[in-house]
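Asker:
In my numbering, the protein residues as written are 24 to 496.
#1: Can you grab the Cα-Cα spacing for the pair residue 98 / residue 104, in whole Å?
#2: Among 491, 166, 272, which residue has its Cα nearest to the Cα of residue 93?
#3: In whole angstroms, what separates the C-alpha of residue 435 from that of residue 410?
#4: Do you know offhand how far residue 176's Cα is from residue 96's?
#5: Measuring CB to CB, does residue 466 end up less than 7 angstroms from residue 485?
#6: Using three-state DSSP, classify residue 143 as helix, strand or coil.
#7: Count the other CB atoms within 10 Å of the CB of residue 297; is the residue buried (16 or more) or exposed (fewer)?
#8: Classify residue 401 as helix, strand or coil using the three-state DSSP reduction.
#9: Using 10 angstroms around the beta-carbon of residue 71, count the other beta-carbons present and answer buried if the total reaches 16, otherwise exposed.
#10: Given a threshold of 16 other Cβ atoms within 10 Å of its Cβ, counted over all protein chains shown, does residue 75 qualify as buried or as exposed?
#11: What residue range is occupied by the uninterrupted beta strand (DSSP E) comprising residue 390?
#12: Can you name, in chain order, every residue of its own chain whose Cβ lies under 6 angstroms from the Cβ of residue 422, other than the five neighbours on each side?
#13: DSSP state of residue 494, grouped into three classes?
#14: Assign residue 487 to one of three DSSP states: helix, strand, or coil.
#15: Taking a contact to mean a Cβ-Cβ separation below 7 angstroms, would you say residue 288 touches residue 302 in this structure?
#16: Between the alpha carbons of residue 206 and residue 365, how many angstroms are there, rounded?
#17: So residue 171 and residue 126 are in contact, right, with Cβ under 8 angstroms, and what is the actual spacing, rounded?
#18: Out of curiosity, what's the CA-to-CA distance linking residue 114 and residue 89?
#19: Shortest alpha-carbon distance to residue 429 belongs to which of 77, 57, 59?
#20: Can at least three beta-carbon pairs, one atom from the stretch 277-288 and one from the stretch 311-331, be found at a separation below 8 angstroms?
#21: Do residue 472 and residue 371 have their C-beta atoms within less than 7 angstroms of each other?
#22: Looking only at its chain, what residues have a beta carbon closer than 6 angstroms to the beta carbon of residue 306, apart from the 5 residues adjacent to it on each side?
#23: Within 10 angstroms of its Cβ, does residue 415 collect 16 or more other Cβ (buried), or is it exposed?
#24: If we ignore side chains and look at the alpha-carbon of each, how far apart do residue 35 and residue 424 end up?
#25: Using three-state DSSP, classify residue 57 as helix, strand or coil.
#26: Would you call the stretch 375-386 in contact with the stretch 263-276, where contact means no fewer than 3 C-beta pairs closer than 8 angstroms?
Here's what the structure looks like:
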């Protein structure tokens with residue numbers, strides 16, 4: 024079921040060209056395995072000491088992202104909201120102490136989590152990267168009045184214009200995806216499955232938190248000309264879904280625009296090829312990380328396809344609307360899982376009720392770099408740690424699709440990493456390389472999580488029997 028651990032060596036790993044272990048904190052062999060148990064020792068989280076993280080939190084977010092958010096909304100938001108965004112950007116650049124959230128959904132939970140930093144007067148640069156990035160987008164929406172009933176900014180998506188522009192820029196790639204989608208409709212085969220899954224992967228290059236809309240017009244076609252796929256577990260994902268006539272698939276969606284079109288194409292393929300299947304799109308509960316998709320974005324995207332001059336786009340749009348009406352494709356954006364996905368917590372801190380809701384799911388497709396970081400807790404893992412070991416805590420089978428846009432990765436052996444470093448010193452962050460990684464977690468008895476370790480107790484015999492049963496189907 025899960026991979027064989029290599030044993031913990033307990034010694035620091037020297038940093039390499041991408042500053043994967045900026046503090047020398049990563050462990051070579053972070054997993055100890057005994058009969059029925061994994062003990063996963065957590066390295067330190069990524070923080071401002073990493074050059075890419077520092078650039079993100081001191082320049083890219085405050086100056087570029089917040090700066091262009093003001094420009095996109097100069098005619099839509101009142102002056103006080105625009106000034107509040109500018110003040111937030113200056114607060115970040117000046118490394119001021121952080122403050123509690125005041126009126127976003129579940130702000131009490133947020134402030135409880137932030138308490139470990141607030142009580143010691145932590146500034147922006149003191150926060151772990153994942154915490155600071157998720158926090159800033161909640162601060163941004165509070166600044167614009169998104170959560171305040173009666174304000175001009177109430178439920179106003181400050182990223183909507185940018186998302187619309189990105190979708191328009193991606194139309195040539197949309198044509199290709201819709202053509203493939205119609206060719207594959209109703210035909211369950213590994214060839215078509217892999218093609219649509221790969222399109223969903225490379226659609227992740229359409230990320231407005233890293234690229235502008237103009238940048239993204241040339242993204243999404245890396246797999247056409249040359250392979251930059253570091254790991255490809257497509258066959259394992261296909262095997263798991265192929266074993267059932269009525270699989271349930273959840274997609275933890277990432278970006279709107281080109282990526283959402285790609286995800287919709289994949290969902291269309293699954294439900295058209297396996298008529299008894301269900302695909303649930305788990306979307307963000309509000310605008311997030313510039314281009315993250317919401318339920319509203321799904322409807323806008325389908326309407327855009329429906330109004331196209333391209334017959335394939337119109338037909339896929341009509342199919343999608345029918346599948347949604349029939350409940351074969353389900354859109355969710357306001358459940359406990361959706362709020363958790365927008366939270367600062369690592370995936371292994373998933374609330375019990377959320378874990379229970381996923382226990383019977385046949386496959387979660389975890390999309391994008393942010394969700395990959397959440398799966399790994401944004402920690403400074405050694406790249407050769409096994410994905411199936413570290414993710415053994417997950418409540419159901421999971422496939423992670425990400426183009427590399429953050430300085431962390433696992434499941435890459437030393438020799439492969441050396442070749443990648445030689446090919447491109449920035450392979451972990453430039454968005455040009457991709458990974459498709461699969462984990463079939465063991466049958467869980469108990470999960471214990473602390474600040475330094477995850478302990479997974481499982482039934483080894485039951486795990487083996489379950490896999491054998493699946494292989495018989």
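For glycine and all other residues, C-beta sits at the position ideal for the given N, C-alpha and C.
Bear in mind the structure is a predicted one, so any value in this text is a computation, not a measurement.
Answerer: Taking the geometry as given:
#1: As a working mapping, residue 98 is identified with position 75 in the chain shown. As a working mapping, residue 104 is identified with position 81 in the chain shown. Looking at the two C-alpha atoms, the distance is approximately 11 angstroms.
#2: The residue given as residue 93 occupies position 70 in the chain shown. The residue with the shortest Cα to Cα distance from residue 93 is 166.
#3: The count along the chain shown starts at 1 and reaches residue 435 at position 412. The count along the chain shown starts at 1 and reaches residue 410 at position 387. Take the alpha-carbon of residue 435 and the one of residue 410: they are about 9 angstroms apart.
#4: Locating residue 176 in the chain shown gives position 153, counting from the first residue. Locating residue 96 in the chain shown gives position 73, counting from the first residue. Roughly 11 angstroms between the two C-alpha positions.
#5: Stepping through the chain shown from its first residue, residue 466 is reached at position 443. Stepping through the chain shown from its first residue, residue 485 is reached at position 462. The answer is yes: Cβ separation under 7 angstroms.
#6: In the chain shown, counting from the first residue as 1, residue 143 sits at position 120. In the structure shown, residue 143 sits in coil (DSSP, three-state: anything other than H, G, I, E or B).
#7: Sequence index remark: in the chain shown, residue 297 carries index 274 (1-based). A residue is called buried once 16 or more other Cβ atoms fall within 10 Å of its Cβ, and residue 297 is buried on that count.
#8: Walking along the chain shown from the start, residue 401 turns up at place 378. Of the three classes helix, strand and coil, the one that applies to residue 401 here is coil, per DSSP.
#9: By one-based count along the chain shown, residue 71 stands at place 48. Counting Cβ neighbours within 10 Å, residue 71 comes out buried, since at least 16 surround it.
#10: On the chain shown, position 52 is the one that residue 75 refers to. With 16 or more Cβ atoms within 10 Å of its Cβ, residue 75 is classed as buried.
#11: Position 367 of the chain shown, counting from 1, holds the residue named residue 390. For residue 390, the enclosing beta strand (DSSP E) covers residues 386-390.
#12: For the purposes of this step, residue 422 is taken as the residue at position 399 of the chain shown. 260, 388, 461.
#13: On the chain shown, position 471 is the one that residue 494 refers to. Under the three-state reduction of DSSP, residue 494 is assigned to helix.
#14: On the chain shown, residue 487 is found 464 positions in, with the first residue counted as 1. Here residue 487 sits in helix by DSSP.
#15: Looking up residue 288 in the chain shown gives position 265. Looking up residue 302 in the chain shown gives position 279. No, Cβ-Cβ distance for residue 288 and residue 302 is not below 7 angstroms.
#16: Position 183 of the chain shown holds residue 206. Position 342 of the chain shown holds residue 365. Cα-Cα distance, rounded: 35 angstroms.
#17: In the chain shown, the residue the question calls residue 171 occupies position 148. In the chain shown, the residue the question calls residue 126 occupies position 103. Confirmed, about 6 angstroms.
#18: In the chain shown, residue 114 corresponds to position 91, counting from 1. In the chain shown, residue 89 corresponds to position 66, counting from 1. When rounded, the distance between both Cα atoms is 12 angstroms.
#19: Within the chain shown, numbered from 1, the residue matching residue 429 stands at position 406. Nearest of 77, 57, 59 to residue 429, Cα basis: 77.
#20: yes
#21: The residue labelled residue 472 in the question sits at position 449 within the chain shown. The residue labelled residue 371 in the question sits at position 348 within the chain shown. Closer than 7 angstroms, so yes.
#22: Position 283 of the chain shown, counting from 1, holds the residue named residue 306. Excluding residues within five positions, the ones whose Cβ falls inside 6 angstroms are 276, 316, 317, 318, 356.
#23: Counted from its first residue, the chain shown places residue 415 at position 392. Buried.
#24: To locate residue 35, count along the chain shown from 1; it is residue 12. To locate residue 424, count along the chain shown from 1; it is residue 401. Any reading at residue 35 must be qualified, since the residue scores a pLDDT of 31, below 50, and its modelled position is unreliable; no value is offered.
#25: Sequence index remark: in the chain shown, residue 57 carries index 34 (1-based). Residue state, collapsed to three classes: strand.
#26: yes
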